[in-house]
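Enquirer:
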Amino acid sequence: MSQLLRVGLLALLAILLAPSALVDATCGFCYGSHTCIDNTTFRVCYEKKPVPSLTFKCPEEMPVCTQFGSICQPLWLPPACPNTQKCGKCDEGQIFACTSLTTFAGCHAGKVLSQESKCPKDYFCSVQNAAAGNPCKLICEPEVDDSCDRVESGDTELPTSTPSISNPTPGPTPGPSPGTTPGTSPGPTPGPTPGPTPGPTPGPSPGPTQGPTQGPTQGPSQGPTPEVTTPTTTTASTSTAEPPLDPTAYCQGIQRIGNFAIPNDTVCTSFIYCFYRANVWNGSIRNCNANNPYFNAVSGCGATRPSGAGCR
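Going letter by letter, the sequence shown gives residues -25 to -1, 1 to 287 in mature numbering (1 follows the signal peptide of the UniProt record, and there is no 0).
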């Protein structure tokens, strides 16, 4: 009788400890009906997504959150959510920080920025590489000591974000304005040709007396006036049409994640931030902060303004 009871207890224990899915322990991953968000806390899952409002803490006598069907277990069982101290590390001058196994965000003033980016397929976020500015690493499996062992539920929702940042459309706007300005002013000026009209009228009547008097007087006064205004208008129109830059097109051309100098920039107070989201390369123009106002193409934002073009 005691042996049967022992077998029954072992069978019951096996059922309770049976994992809901054969997966490695990872923070934020839904093991069927729940996910562990830290060593002692779990969250109910619905349709394989965690529900933040249904978050519970394991009791003191069974404090460890596991991936098993019986969620809370004693201290001798390994937790489903390992140590996540390397997630969101921005306290030592890091450029980027890993926010999950495959996502990262920029660091600013010791804090993680809210805008996350996702590594390309087959890439994982490396904590060490992220700190140096190149977060995504092509490896078969993430290394325990170099990763943020967490799965973000928002990773599957990334395609809903708007990847196109092609707002700067000043290109077509200045196009028509310089076209109309030079088109209208020189057109009517040579058409009437006021030069030949007064020429024959005073010529035959007073002969030599009025000829030389009116000739040199009107010649220099009318001549230089249209010549001076025409080149001034042309110079202003060409300088207005140059500046537009599409950061997304630039990032799609280089296909690299990080901060880059604006081509031929000499002001060097802003830079292009390239990121990869929803399988699309995107870019945006950002400004350096007040403490380090100048961007250097080699070292990033700093107090010294670069002297060369392209912020070098």
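Think of the CB as a built atom: it goes at the ideal place given N, C-alpha and C, for glycine as much as any other residue.
Within the continuous beta strand (DSSP E) that includes C73, where are the two ends?
Expert: To locate residue 73, count along the sequence shown from 1; it is residue 98. Unbroken beta strand (DSSP E) run through C73: 71 to 73.
Enquirer: For L113, which residues from the same chain have a beta carbon less than 7 Å from its beta carbon, with the 5 sequence-adjacent residues on both sides left out?
Expert: Along the sequence shown, read from residue 1 onward, the residue named residue 113 stands at position 138. Here the set comprises D97, Y98.
Enquirer: Here's the rule I'm using: 16 or more other beta-carbon atoms within 10 Å means buried, otherwise exposed. How should residue 293 be labelled?
Expert: Residue numbering for the chain in the displayed model covers -25 to 287; residue 293 lies beyond these limits and cannot be assessed.
Enquirer: Excluding the five sequence neighbours on either side, which residues of its own chain have a C-beta within less than 8 Å of the C-beta of R287, listed in chain order?
Expert: If you number the sequence shown from 1, residue 287 lands on position 312. Here the set comprises A236, N271, A272, V273, P281.
Enquirer: Measuring only the C-alpha atoms, how far is N267 from P117?
Expert: The count along the sequence shown starts at 1 and reaches residue 267 at position 292. The count along the sequence shown starts at 1 and reaches residue 117 at position 142. Straight-line Cα distance between these residues: approximately 34 Å.
Enquirer: Which of helix, strand or coil does DSSP assign to V255?
Expert: The sequence position of residue 255 within the sequence shown is 280, counting from 1. DSSP places V255 in strand when its eight states are reduced to three.
Enquirer: Does the segment 53 to 63 come close enough to the segment 26 to 40 to have 3 or more Cβ pairs within less than 8 Å?
Expert: A contact exists between the segment 53 to 63 and the segment 26 to 40.
Enquirer: Please return the same chain residues whose Cβ sits closer than 8 Å to the Cβ of C47, not counting the five positions on each side in sequence.
Expert: Counted from its first residue, the sequence shown places residue 47 at position 72. Here the set comprises F17, C33, P34, M37, P38, V39, C40, T41.
Enquirer: Within the continuous alpha helix (DSSP H) that includes A224, where are the two ends?
Expert: Taking the sequence shown and counting its residues from 1, one reaches residue 224 at position 249. Residues 222 to 229.
Enquirer: Using CA coordinates, which residue listed in C62, C243, S259 is at the minimum distance from I232?
Expert: Against the sequence shown, residue 232 aligns to sequence position 257. Ranking C62, C243, S259 by Cα distance to I232 puts S259 first.
Enquirer: Starting from N104, trace the alpha helix (DSSP H) both ways and give me its first and last residue.
Expert: The sequence position of residue 104 within the sequence shown is 129, counting from 1. Where N104 is concerned, the enclosing alpha helix (DSSP H) stretches over 102 to 107.
Enquirer: Assuming N234 and Y248 form a contact by the criterion Cβ under 8 Å, report the distance between their Cβ atoms to the nearest whole angstrom.
Expert: By one-based count along the sequence shown, residue 234 stands at place 259. By one-based count along the sequence shown, residue 248 stands at place 273. So it is a contact: roughly 6 Å between Cβ atoms.
Enquirer: Looking only at C-alpha atoms, which of C11, A106, T15, D124 sits nearest to C65?
Expert: Here residue 65 refers to the residue found at position 90 of the sequence shown. Closest by alpha carbon: A106.
Enquirer: Roughly how many angstroms lie between the CA atoms of S89 and C20, to the nearest whole one?
Expert: Within the sequence shown, residue 89 is the residue found at index 114, counting from 1. Within the sequence shown, residue 20 is the residue found at index 45, counting from 1. If I take the Cα positions, the gap works out to 24 Å.
Enquirer: My output table needs one value for V26: the three-state DSSP class, helix, strand or coil.
Expert: Here residue 26 corresponds to residue number 51 of the sequence shown, with the count starting at 1. The answer is strand: DSSP assigns V26 an E or B state.
Enquirer: Distance check for A284 and S245, CA to CA, integer angstroms please.
Expert: By 1-based counting over the sequence shown, the position of residue 245 is 270. By 1-based counting over the sequence shown, the position of residue 284 is 309. Taking the straight line joining both Cα atoms gives about 13 Å.
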